[in-house]
Every structure is written in C-alpha cells, then in structure tokens.
Amino acid sequence: MTKQIRQLDRVVIRFAGDSGDGMQLTGDRFTSETAQLGNDISTLPNFPAEIRAPAGTLPGVSSFQVHFADYDILTPGDAPNVLVAMNPAALKANLADLPRGADIIVNTDEFTRRNLAKVGYAGSPLDDDSLAGYAVHPVALTSMTVGALAAHEVSKKDAERAKNMFALGLLSWMYSRPYESTLRFLERKFAARPELVAANVAAFRAGWNFGETTEDFSVRYEVKPAKMLPGTYRNITGNAALSLGLVAAGVRSGLPVFLGAYPITPASDILHELSKHKKLGVVTMQAEDEIAAVGAALGASYGGSLGVTTTSGPGVALKSETISLAVALELPLVIVDVQRAGPSTGMPTKTEQADLNMALYGRHGEAPVAVVAPKSPSDCFHAALEAARIALTYRTPVILLSDNYVANGSEPWLLPDVESLPDLRVEFATRPNGEDGTTFLPYLRDPQTLARPWAVPGTPGLEHRIGGLEKADKTGDISYDPTNHDFMVRTRAARIETIPVPDIEVEDPDGDARVLVLGWGSTYGPIGAACRGLRQRGLPVAQAHLRHLAPMPANLGEVLRSYDRVVIPEMNLGQLAHVIRARYLVDAIGYNQVRGLPFTAAELETMLEEVLKNV
Amino acid sequence: MSEPVALKLTAKDFKSDQEVRWCPGCGDYAILAAVQGFMPELNIARENTVFISGIGCSSRFPYYMNTYGMHSIHGRAPAIATGLAVSRPDLSVWVVTGDGDALSIGGNHLIHALRRNVNLKILLFNNRIYGLTKGQYSPTSEVGKITKSTPAGSADAPFNPLSLALGAEATFVARTLDSDRKHLQSVLRAAAEHKGSAFVEIYQNCNIFNDGAFEPLKEPATRDDFLIRLEHGQPITFGSDGQFCVVHPPGGFGLEVRETAATPAEEIVVHDATVADPAYAFALSRLPGLDLRNTPLGVFRAVERPAYDTVVQEQVAAARAGVDQTPEQQLSALLGGGDTWTIL
Chain A
1 MTKQIRQLDR
11 VVIRFAGDSG
21 DGMQLTGDRF
31 TSETAQLGND
41 ISTLPNFPAE
51 IRAPAGTLPG
61 VSSFQVHFAD
71 YDILTPGDAP
81 NVLVAMNPAA
91 LKANLADLPR
101 GADIIVNTDE
111 FTRRNLAKVG
121 YAGSPLDDDS
131 LAGYAVHPVA
141 LTSMTVGALA
151 AHEVSKKDAE
161 RAKNMFALGL
171 LSWMYSRPYE
181 STLRFLERKF
191 AARPELVAAN
201 VAAFRAGWNF
211 GETTEDFSVR
221 YEVKPAKMLP
231 GTYRNITGNA
241 ALSLGLVAAG
251 VRSGLPVFLG
261 AYPITPASDI
271 LHELSKHKKL
281 GVVTMQAEDE
291 IAAVGAALGA
301 SYGGSLGVTT
311 TSGPGVALKS
321 ETISLAVALE
331 LPLVIVDVQR
341 AGPSTGMPTK
351 TEQADLNMAL
361 YGRHGEAPVA
371 VVAPKSPSDC
381 FHAALEAARI
391 ALTYRTPVIL
401 LSDNYVANGS
411 EPWLLPDVES
421 LPDLRVEFAT
431 RPNGEDGTTF
441 LPYLRDPQTL
451 ARPWAVPGTP
461 GLEHRIGGLE
471 KADKTGDISY
481 DPTNHDFMVR
491 TRAARIETIP
501 VPDIEVEDPD
511 GDARVLVLGW
521 GSTYGPIGAA
531 CRGLRQRGLP
541 VAQAHLRHLA
551 PMPANLGEVL
561 RSYDRVVIPE
571 MNLGQLAHVI
581 RARYLVDAIG
591 YNQVRGLPFT
601 AAELETMLEE
611 VLKNV
Chain B
1001 MSEPVALKLT
1011 AKDFKSDQEV
1021 RWCPGCGDYA
1031 ILAAVQGFMP
1041 ELNIARENTV
1051 FISGIGCSSR
1061 FPYYMNTYGM
1071 HSIHGRAPAI
1081 ATGLAVSRPD
1091 LSVWVVTGDG
1101 DALSIGGNHL
1111 IHALRRNVNL
1121 KILLFNNRIY
1131 GLTKGQYSPT
1141 SEVGKITKST
1151 PAGSADAPFN
1161 PLSLALGAEA
1171 TFVARTLDSD
1181 RKHLQSVLRA
1191 AAEHKGSAFV
1201 EIYQNCNIFN
1211 DGAFEPLKEP
1221 ATRDDFLIRL
1231 EHGQPITFGS
1241 DGQFCVVHPP
1251 GGFGLEVRET
1261 AATPAEEIVV
1271 HDATVADPAY
1281 AFALSRLPGL
1291 DLRNTPLGVF
1301 RAVERPAYDT
1311 VVQEQVAAAR
1321 AGVDQTPEQQ
1331 LSALLGGGDT
1341 WTIL
C-alpha cells in the first residue's frame, strides 16, 4: 500500500506510560534518531519521584515529550500533536494537555476493566465518544509484540517489556526517522544477553512494519532538517552538559576537580557522570551528608583542587554554614544547585526557580557569593565553566543555579573546540609577599581582582593559618578590631560586586519595543518563544536574560530604565522582581507560577499581549 | 629509596607568632607543648603538615602551630580534612577537636572518617565540658552533671569516645593524658606511624569549668591504682604493687579486673593491639567505672586496613595508566562521545 507523505515544519510527541514501561528510554531513542536527521530538538521528561509507583495508577505515569522542527526552537512545546498512551492512566493523565485533532496512539491491551477502574474510568473511553475530536489509533501493542517474538527464546515477561520498542518502531516509521543508532544502542545495552538484542530489534521492526502495512496509518510525515550552524552536534541534557563543563574546567585550569556530593534528586546524575572521569583527574566522593560533601570540597580547594559540590535546594540549606566559611577563607568553591520544587522535600522531580533568594542571601552575616544561572541544557556546559572561572580567578564560592527543567531536558549542542574554551590557569603563591621579603601575608590582595593569594599546603615558607574568625587585613591574624571588621565586610562585598561580567544583551529586532521581558535561568526558552510569537503578529517586545545574578551586569539599570514596562516571569513568587525593584527602583511586573512545570510559550504570550495593550 | 634528609627541626620551629590565648592553667598548654616538642621527631617539613580544627577551646590549636592550618566550623573538621587528605596524599593531616565538637555536633563526620579509614590523625581533647560557651554539659559529661544548662543535673548518658570509635571500626584507637608528656608523645608517635585514621583521646583538664575531672588519674596517691598502662605484648597488670590484673572470664563477653595474687598467671590477658576483632579493644574501653578506676591508657587497637584516600588515588592512577593523550585531546574525545552528527 502506498502511503501519503506529508511535510510538517514541527511536531511535538509525548510518550506516556507506567514508570516501568520504559518511556524515558523510548523518548531518548526517538530524540537521538531525530538528532541524527538534523532537526532542531527540545525535550522534557516528566516522571514521578517514586521509582515504581503502583502499576497502572495515575501517580505512576511517566512521560517524555520531544519537540522537533525544521527551524530553531526554544522549548519542548506547549501541547503534544501526538500522544502515545501505553495504558489508561497515561491517557487520563495527559489528555487535558492535548489540543483537539491530536493523534492518540493507545495500547488497547492495557485497556482492561481492571486498569480502567484503577484510574476511575467507568467504561472504556475507546468505546464511548469521549475521544471524539481526536484521531485515535487503537493498537494492540503488547499482544502484537508478544506475537512478533513468538519464535524468540525470551520469556513472556521479556517479550512484553519489548513493547516500548514496538511503539518506537511505529513512531519512527510515522516520522521517517533513521533508526540505525537505535539498533546500535540495543546491541550495546543488551550486550550481555544477545537474545534480548534480537528480541528488541525484532519488536522495533515489527512496529515499523506495522505502520507500513496497517490501514489505520495512512499518512507518513517528514520534518526536514533545520538550518543550524555548521559543526558537529550531540544531543545533551543539562546535567550531562554541566558535568562536562566541570571536567573541562579541570582541563582548562590544569587543576584536579574534586567533587563532594550526597545523592539528591535531581542532581545525582552529575555525581554519576563525574565519577566516570578519573582519567582526567576528577575525584568524586559520596559523602556521609550534604555538610560533609561541601566540607570535603572546601578541604580539597584549600589543597589546590577545584572543589565542587552538587546538590538541590535542601542540600544548599545544609551547606550554608560551610559556604560562609568559604566566603571568610576566600577560597574557590563551586556549589551547584539543581533546583526543584520546595519547600522541604516538596516535589523532588518537578522544576522551580525558588532558590534564588537562598543563593543570593541564604547565609549568616554579610556573606556575598557570585551566582550564575544557565539558560538551557547545552548552556549548562558554558555556565559551569563560567562558575569555575569566577571561583578560581576571584577565590570565591560561586553558586550555579540550574533547575530540574534544564537538568533533565535536552537539546542539540554544537560541540565547542577545546582550544577555544576559556583559559582558567591560576597561579598559586610561591614566595613571601611581604615588603620585608620573608613575611607571607595571606590576606594581601591583588589590587585588580581583590583576590588573596592561594597558598596551598606543601609550599615552603608560606605556612599560615586561616579560619572562620575575623581576620586582620593583609596578615590574616585573628582580629576583633571594629574598624578592621567594617573594612573586611565591605571588602568582601566589593570583591563580588566588582567582578566584571558581560553586559546584558537585549533582543529587540526592530528596536521599537516599549516592553522588556526580563528572565533568568531556564525560563529563557518559553520567554523567547513567546516573544517570537508576538513579533510574528507584529507586536514588538524586547527580551533580556540574566546569566549573572550576582554581580549583575553593569548596564542592567540603564537597560531596565529604557523601557516603559518591565515584565519578569519566574517560576517562584517574584524573587528576581523583588531584587530588581530594590536595586533599580524599577516598577517591574512579576508573572509568577509554581506548578512544578515550565511556563508554556502560549501562556506567556497571552500574558504579554495584555501588558502590551496597556502600555 | 634514598634516606630522607634530616630536617633538624626543633620544638621552636613549630611555634607560631600568635599569642596563645587559653585560660592560664588549661590542660591545652601542656598538649600544645607536647605536640610541638614531638613534631620534629617525624622529620616532616613544616609545609607538609596541616592542622585542621573545628570550634571550641581546643580548636584554636592550629593558630599556635607554625605549619599550615585551618580553624574551620563546628564539628566539620573531619569532613574538611578528608577532602584535603584525599586530594593531597603527600600531606600529613591532623585534626584537633574536642568532646563537643567531635561527639556532639560533628559526631557524624567523626564516625564516617573512622569507618573510611582516611589518613588523618585525630586528637580529641576530652574535658567533659563545654568551655568556650562557658560551662554547659557535654556529650562526655557524667549523668547528673550540674552545669549552667542542667541545674537539676544532666539527664542523658554520656558517650564513651573510645567505644564509639571502635564501634565505627577505627583502625587505631588510643587514650592518653594531658599531664603525662612522655606518654602523650609515645601515643602521638604510634598514631603518626599508623596508616589510616588514628583516633587519640586526650583527657584534658578544664580548670575553669570542670576542674579536677581527671584528678584521680593524676594524683600520686591514686593514679597507679586507677590507671591501666597498656603495653603491647605484656600481661595487663596494674596498681602500685601490680596487685590488679585484667582477665577474660569464661562465659562472659567482656574483660574484668581481678586481684593478681588470686589469679593464675595464664589467665591474665596479654595485651595485643593488633587483634582484628574490635570486640577486644571495645571490652578494654568498657573497663573504667564512673569513679575513673580501671582506666586504660595507651594504644587499644592498631590494625591494618586499606586507607580510603589511598584506594581513591589508586583508582585514579589505574584510570590514568597508559593514557598517552593530552588532557585537551581526552576532553575533545569526551565532548564528542556518544551519538553525534555533523552539519556542513
């Protein structure tokens, strides 16, 4: 049968199933195939904190959304065009997000009376008219997979588990994806069990062939490659990019990287990744708690390593006292906070930007640190290098504020040339710096950077003592002198405030916007997509995005004051807006949401349109 | 390996230029002098020695040592020192702590440093009181202790620091006294020679808030009858006339003190610090009574177990063995790993 081929410029697909159905892996593979084809991509996984919530229930639903297009895109997409629902729970949990007309592929084998009852369906939605308005494709995914594997030497359970590969095969056919990388992946994944390689490959092919032969799918789609800058790309998540950025910081500084970490969602993947890079001198330590993790990192920095600790909000709270010690000791330290919804345990697998106040102010005493936030998954690489650069150059703790959205989301990353990465080499102190030529003054500062010398143990002649007690200027001796304390507090503040950071750039293509949207961190994508949408409709709007939250760019005040209105969307209750109002006396409008999910471009566009009307 | 060069350091070389600010009469002075007097023996250059402390009177110690040093925050010295020791195996890292610092706020870090067996020498100055905060009871204060925070007497049972360390399977555990310089230095010597974590409890007098806490162990009239001086390979007898001994009664779990005269010689326990099972050293740690009778001094346990930092460095060395690419080349290969595609 000849299938019709239709060209699309963009598609959003959501794979949804039980947490044991392998939806993250399926989405990952589809993404990888799509990357090979050269589309621009953005992905969003969404999964419960429970490893295996009761099967078939709403809390157990795990999903993976992938948005791909023939042009550059900024978000994983507001609403899926296609939903793959592996069971009734997956259908029920995701249906509200689907626009009318969307395709729904359901695994009919799971639509049993028992499974329907588990999620409160009185009858099957496949049998009544509740799905009228959608293009429903009922597919017996499980039984067809088991049937396709009848001749294979695998257990019934293993055969059933391969149903996600059947689904992947079907979707790969529908969207004309190149699948060689998936076959190679299956060979690697099941290398120890060849019968599973064969079974999963067979399931994949069965899904592909089903698409080709069934009459239910009469159309096949193509999405042409996007125009992207020349170069070599890979698809990467924020946590992976951040890990590689830290490895790169070690290489470019010539220092060993020491990571002290305690497992915590959604930061643990950074610990996992960095533990693989001993070859490049990365030492990781899974500490007994969050406090020990940052303590060990600080101890390593004292010894001349690039000390790093990775965590999420609750961990930063525990590390706070040690970060203040690092402020007093004036040693390099990178603290990575992959934010999640709080307070307390909150929603550990959901995103939020509510740790900004803690990053800026969450310490005792006047304890300023630098704060950097990545704007997208691949930007995590460069933000990690920037955090390391500030920490090493200015001998200060730096908080790198990632969040669950960029950490687990993915996008294509143009691989940088290693030689083009910033040179982070540092000079350790090697000889006395006192005027007499024999004295070492551990708090005599570099006049340019205000950084004190980094004299690591093992350096003869520079033996000195440092500590949390207030230190006299230059000598570092214990001091209770009032004037000295006032001077040291102001100097520590100036040290951070005078770090040169790049000016903030404004995107306002026609230069006639009167409203500026200011964001920070992971909201870059949705804000950018909303602004594009408005401009396409002839509504001018300017976008600026903060990467450095402490210190802030020198031109920020001027930029803010050159617009009639400043709007600040944040996934918190207005933390940046508060800072902006206080620092710049600008009457910024906050747009705030804390639903554990990223903003959709559509809701921002609607909100901004209202603002534009009233300017 | 060639013979190390004799550095010819003296105690004076280890004195920093800082004015020592403990209360006059504090036991810490004696410990500081004993440590400064002992350090030259190690023949380790001053720049390769680091003292790291937490918070409390004892934790001011690093300021007075002319080595590298860090006075950190309450309870966290073992964690900070672990990061330093793991990343800098060339250094000799010492932790100075107190009963509140190590056993109350920092209890977690202490037991984990000990179970990991990090190359750290941990000196715990135990004065059974909070000194720097002016006299509250500590986790080693006896039950019923009347202090500023416990006017009706403390209600909680104290830790036995050595039992705790042995429970964490510390590989080196010893106890000594601030006032016995010779013994203190002999224990420091053994601790310094030990590979892995060495835990040394030093009974230390706080003459302001808990004066005389260990007096029976110091008074000439009582000390010989109260103290058990452990000597590896020697039968455990003590008392002014050797009138007491330690036995392991059949059917019992622990050790007991008997009269030597009424005990057959072969029943007297011969001290062996190298017994693999920590139960023996634990039993020794349980001997003292509330009145400090039967207090063993010396090395309870000294066994070998791979040190955490050594294992970590071995893993790094194994990963790097045979690598002939520059770090930049390796990084380039790493960044380009996984599924990539090229756009022309």
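Line by line, the protein sequences give chains A and B.
Start counting the first sequence at 1; every next residue gets the next number (the working numbering).
Start counting the second sequence at 1001; every next residue gets the next number (the working numbering).
Even for Gly, the Cβ is constructed at its ideal location relative to N, Cα and C.
- Taking 8 Å as the cut-off, the beta carbon of A/Ala384 is found no closer than this to the beta carbon of A/Gly281.
- Closer than 8 Å to the CB of A/Ile466 there is at least one CB belonging to chain B.
- In this structure, the beta-carbon distance from A/Gly169 to A/Phe204 falls below 8 Å.
- Residues of the stretch 1004-1024 of chain B with a Cβ closer than 9 Å to any Cβ of chain A, in chain order: Ser1016, Asp1017, Gln1018, Arg1021.
- The alpha carbon of B/Gly1212 has as its nearest neighbour, out of B/Leu1292, B/Thr1010, B/Ile1105, the alpha carbon of B/Leu1292.
- Counting only Cβ-Cβ distances below 8 Å, A/Arg452 has no contacts in chain B at all, with the closest Cβ about 14 Å away.
- Between A/Arg340 and B/Tyr1063 a beta carbon distance of about 41 Å is seen, past the 8 Å cut, so the two are scored as non-contacting.
- At the C-beta level, A/Pro569 and A/Tyr584 stay beyond 8 Å of one another.
- Within the stretch 1309-1332 of chain B, the residues whose Cβ lies closer than 7 Å to any Cβ of chain A are, in chain order, Val1312, Gln1315, Val1316, Ala1319, Arg1320, Val1323, Pro1327, Glu1328, Gln1330, Leu1331, Ser1332.
- Those residues of the stretch 315-333 of chain A placed with their C-beta closer than 9 Å to a C-beta in chain B are Glu321, Thr322, Ser324, Leu325, Leu329, ordered along the chain.
- For the stretch 1053-1074 of chain B, residues whose beta-carbon sits nearer than 7 Å to a beta-carbon of chain A comprise Pro1062, Tyr1063, Asn1066, Thr1067, Tyr1068, Gly1069, Met1070, His1071, Ser1072, Ile1073.
- Contact between B/Gly1075 and B/Gly1098 does not hold, since their C-beta atoms are separated by about 10 Å, which reaches or exceeds 8 Å.
- Distances from the alpha-carbon of B/Leu1009 to those of B/Thr1260, B/Lys1148, B/Glu1047 put B/Glu1047 closest.
- Take B/Gly1153, set aside five residues on each side of it, and the residues of its chain with a beta-carbon closer than 8 Å to its own are Val1143, Gly1144, Lys1145, Ile1146, in chain order.
- Excluding its 5 nearest sequence neighbours in each direction, A/Glu497 has C-beta neighbours in its own chain below 6 Å: Pro551, listed in chain order.
- Per the DSSP secondary-structure output, A/Ile13 pairs in a beta bridge with A/Val66, A/Val82.
- When Cβ-Cβ separations below 8 Å define contact, B/Trp1094 makes no contact with chain A.
- For A/Val489, the uninterrupted alpha helix (DSSP H) segment begins and ends at 482-497.
- Interface residue (Cβ-Cβ distance to chain A less than 8 Å): B/Asn1108 is classified as such.
- Interface annotation, A/Gly307: in contact with chain B, CB-CB separation under 8 Å.
- In the structure shown, A/Phe210 adopts helical secondary structure according to DSSP, grouped into three states.
- Against chain A, the CB of B/Arg1046 has a partner CB under 8 Å away; the residue lies at that interface.
- Contacts between A/Phe258 and chain B, judged by CB atoms closer than 9 Å, involve Gly1083, Val1086, Ser1087 in chain order.
- Using a CB distance cut-off of 8 Å, A/Pro460 counts as an interface residue toward chain B.
- Against chain A, the beta carbon of B/Ala1168 has no neighbour under 8 Å; the closest one sits roughly 11 Å away.
- If you check the CB distance, A/Val541 and A/Ala513 come in under 8 Å.
- Here the stretch 62-77 of chain A does not lie against the stretch 249-262 of chain A, with fewer than 3 beta-carbon pairs under 8 Å apart.
- Taking each of B/Lys1134, B/Met1039, B/Gly1069 in turn and checking the Cα distance to B/Cys1057, the smallest one comes out for B/Lys1134.
- Straight-line spacing of the CA atoms in B/Leu1162 and B/Arg1021 works out to 29 Å.
- Listed in chain order, the non-local C-beta contacts of A/Ser143 below 8 Å within the same chain comprise Asp109, local neighbours out to five positions each way being set aside.
- In terms of beta-carbon proximity, B/Leu1255 stays away from the interface with chain A, with every pair separated by 8 Å or more.
- Take A/Ala293, set aside five residues on each side of it, and the residues of its chain with a beta-carbon closer than 6 Å to its own are Gly260, Ala261, Tyr262, Ala287, Thr309, in chain order.
- Across the set A/Gly574, A/Asp587, A/Thr600, A/Ser522, the C-alpha of A/Thr600 shows the shortest separation from the C-alpha of A/Gly533.
- Here B/Asn1160 is not bridged, per DSSP, to any residue.
- Going by DSSP, A/Lys156 is part of the alpha helix (DSSP H) stretching over 156-161.
- Fully enclosed alpha helix (DSSP H) runs of no fewer than 4 residues occupy 1223-1226 of the stretch 1204-1230 of chain B, in order along the chain.
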